[in-house]
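Numbering (the numbering used here), first residue to last: 8 to 71.
Built from N, CA and C at the ideal position, the CB exists for glycine as well.
Structure first, then comments.
Structure (structure tokens):
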């Protein structure tokens, strides 16, 4: 589990999902994120919850 709600995060590392292949739950709500990295997202089979509300995201990767 990775809880990062309300930290004013503006961007995520491009390889976030490659680095955390066993991540099941990530809370990124209420930040200033504008895009979600797609690299490795389709290979992360453990991820079940990706909480993104309260961000500035306009489009999501096709892998979602």
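A straight line joining the alpha-carbon of residue 27 with that of residue 34 spans about 14 Å. Between the beta-carbon of residue 30 and that of residue 53 there is about 6 Å, and that keeps the pair under the 8 Å contact cut. A distance of 7 Å or more separates the beta carbons of residue 14 and residue 40.
Shown here for residue 16: same chain residues with a beta carbon closer than 8 Å to its own, the five before and five after excluded, namely 35, 38, 39, 40 in chain order. For residue 25, the uninterrupted alpha helix (DSSP H) run begins and ends at 23-26, by DSSP.
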